[in-house]
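**Student:**
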């Protein structure tokens with residue numbers, strides 16, 4: 127899968143370089159984050175792409 131939307135590419139790249147978690151409900155971004163997990167952890171080992179529900183469950187621990 128490729129991100130063809132320039133803005134989505136910028137969002138994913140910026141998040142991978144500056145954040146620990148990208149919260150999104152965008153299906154393309156979530157799928158791309160899952161597919162690129164190995165590449166993205168090379169940039170930022172703690173980085174993940176999650177939905178709000180996934181993150182909320184993690185916050186309650």
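Residue numbers (the working numbering): 127 to 187. Using N, Cα and C, we set each Cβ at its ideal position, and we do this for glycine too.
1. What does the alpha-carbon distance come out to for the pair residue 140 and residue 160?
2. Assuming residue 134 and residue 173 are in contact, meaning their beta carbons sit under 8 Å apart, how far apart are those beta carbons, in whole angstroms?
3. Count the other CB atoms, across all protein chains shown, that sit within 10 Å of the CB of residue 187; report buried if there are 16 or more and exposed otherwise.
4. Is the beta carbon of residue 149 less than 9 Å from the beta carbon of residue 138?
5. Would you identify the three-state DSSP class for residue 187, choosing helix, strand or coil?
**Tutor:** The answer reads as follows:
1. 16 Å
2. Between residue 173 and residue 134 the Cβ distance is about 16 Å, and since that is not below 8 Å, they are no contact.
3. At residue 187 the pLDDT is 46, less than 50, meaning the model places this residue with poor confidence and gives no usable figure here.
4. no
5. Because the pLDDT at residue 187 is just 46, under 50, the model does not fix this residue reliably, and the value given afterwards should be weighed accordingly. Coil.
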